[in-house]
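For reference, the structure is listed below as structure tokens.
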Amino acid sequence: MNSIWTVIKFTFLSRFRTKSFQVMSLILLILMSLLIHLPTIIKQFSSDEAMKIGVFGKQQAIVASKLEAFYNNQPNAEIQIVPLSDQGSVEANEAYGKQQIIDKKIKGYLEFTDGKQGGFPKLRYKSTGTLDSSPKNKLQTALQLIKTDMVLQGAGLPDTLKTDIQTPVSLETVQISTTDQAATGKTESQMRLSYILVYILLFMLYMGAIGFGNLVATEITAEKSTRVMELLITSVSPLKQMFGKIIGICLLALSQIAVLIAVSVLNIQFSDASAIKELNISWSDLEISLIIYFLIFYLLGFFIYATIFAAIGSLVSRTEDVGPAIMPVTYIIVAAFMIAIFGLNYPNAPFVVTMSFVPFFSPMIMFLRIGMSSPPFWQIAMSIAIQLVSIGAMAWLAAKIYRTGVLMYGKRPTLKELRKAMRAYR
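First residue of the sequence shown: -18, per this note's numbering; consecutive thereafter.
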């Protein structure tokens, strides 16, 4: 037992002290800090000045004045209406509008054209660039409200009735579970925060599976290529070596996650609450259970992939051959990640639900379902049980391959040679 702990300690410390691990961890910490403070950074660099839109309103003075009054009464309005004096003709107005844009007094201008007889006028926006969807939608909403107000006013309705008609309908989205008795569910703020966290944690699962799995294979192959394995094999059994390396690198991965979580918590404490509030999320809505499930599925995914990477690493004699050898496993991890990204918007799709029970895909996809929907607990338990059984089966198979391939040098053994050598250890 002491020998396996020696392997774990040696693997952990030797990799922890490497410059590459420390630099990559530092880069991850910086990126995580930037991500948390991104709303504040965007707020600092974004201009608070409203977008200025000119209006030639001589022909439609009432609409133009109402549009200007609408935005003047809006607190922190993103659009400012700038009245432009009529130049006497369409051509002169166009030349004047272009000059105002060149002088950077406005971003663009609105022209009124005649609509249906007695109806609301048509409008045309002209600018050197396109009108983004956000200001365009807000401008259309303002014009629609003005049109509604003018129609209701023409109908002779009292102001109180007009106010009731124009008051928008409130619709709140709440995510509930059909399997528990809770009367409440996730609010829109909680769902938005879950979406952001699930996306980040999925990316960490993906990078951890590929990065640290590759590290397991490289660690074993490097010892084979330097013939250190021949010395180690005399003091530590192949199985203890394999599991010692897997556990050691797993602890390395967990230490990195622990530091990331600690730094993230500190950054959240010092982040600009007002900037975060503008995203309509609140850190108080963070569910601790989501972090716990992340750690569970991270460990399950790590061990199921690490055993395969260890087996493959034992069959390769040169570190430059590791990349091509582990490529099929990498493709599986990439496929699982892509399905999970698709499932962010469709967590209850039949295909996503089915794949959440497939061992090589479930670490990411079942975690996704937990974060973005409310799967029954029995499904979560079944997924975990299937993964545990799969880890046991893969560990047994990987142990036999590792014990056989660890002292095989030269060309990669064929399946026939591998089966023959594995039978010798029965």
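All residues carry an ideal CB built from backbone N, CA and C; glycine is no exception.
- Taken atom to atom, the span from the alpha-carbon of Val333 to that of Ile320 is near 7 Å.
- Note that the C-beta distance between Ile201 and Gly282 is not below 8 Å.
- Counted as a single uninterrupted DSSP element, the stretch harbouring Ser108 is not any alpha helix (DSSP H) but the beta strand (DSSP E) occupying residues 103 to 108.
- Between Tyr279 and Val310 the beta-carbon gap is near 17 Å, outside 8 Å, which marks them as no contact.
- Around Ile242, the same chain offers Ile272 as residues with beta carbons nearer than 8 Å, after the five sequence neighbours per side are excluded.
- Around the beta-carbon of Arg105, fewer than 16 other beta-carbon atoms lie within 10 Å, marking it exposed.
- Just so you know, the alpha carbons of Leu91 and Ile146 end up roughly 28 Å apart.
- Residue pairing for Thr94: DSSP places it in a beta bridge opposite Lys103.
- Taking 8 Å as the cut-off, the beta carbon of Lys86 is found closer than this to the beta carbon of Lys33.
- A direct Cα-Cα distance of roughly 7 Å separates Arg(-4) from Phe2.
- Taken in chain order, the whole beta strand (DSSP E) runs of length 3 or more contained in the segment 331 to 362 number zero.
- Residues of the same chain with a CB within less than 6 Å of the CB of Ser(-16), apart from the 5 flanking positions on each side, are Val217, Lys221 in chain order.
- Ile307 and Ser175 have their C-alpha atoms roughly 32 Å apart.
- The Cβ-Cβ distance between Tyr180 and Ala292 does not fall below 8 Å.
- Using a Cβ distance threshold of 8 Å, Ala136 and Leu48 do not count as a contacting pair.
- Here the alpha carbons of Phe284 and Glu301 stand approximately 24 Å from one another.
- For the options Ile(-11), Tyr274, Ala50, Ser70, the alpha carbon positioned closest to that of Pro356 is the one of Tyr274.
- Around the beta-carbon of Asn326, fewer than 16 other beta-carbon atoms lie within 10 Å, marking it exposed.
- The segment 45 to 60 and the segment 68 to 84 do not touch, with fewer than three beta-carbon pairs separated by less than 8 Å.
- The criterion of a C-beta distance shorter than 8 Å is satisfied by Phe318 and Leu183.
- By the neighbour-count criterion, in which 16 or more other beta carbons inside 10 Å mark a residue as buried, Ile227 falls on the buried side.
- Following the DSSP letters along the chain, one finds Pro116 inside the alpha helix (DSSP H) bounded by residues 114 to 135.
- Residue pairing for Ile62: DSSP places it in a beta bridge opposite Ile34.
- Gln368 counts as buried, since at least 16 other C-beta atoms from the protein chains shown sit within 10 angstroms of its C-beta.
- Under the three-state reduction of DSSP, Gly89 is assigned to strand.
- For Ser252, the three-state secondary structure derived from DSSP is coil.
- Arg299 counts as exposed, since fewer than 16 other C-beta atoms from the protein chains shown sit within 10 angstroms of its C-beta.
- In the same chain as Ala379, and ignoring 5 residues on each side of it, the C-beta atoms closer than 6 Å to its own belong to Thr288, Ala291, Ala292, in chain order.
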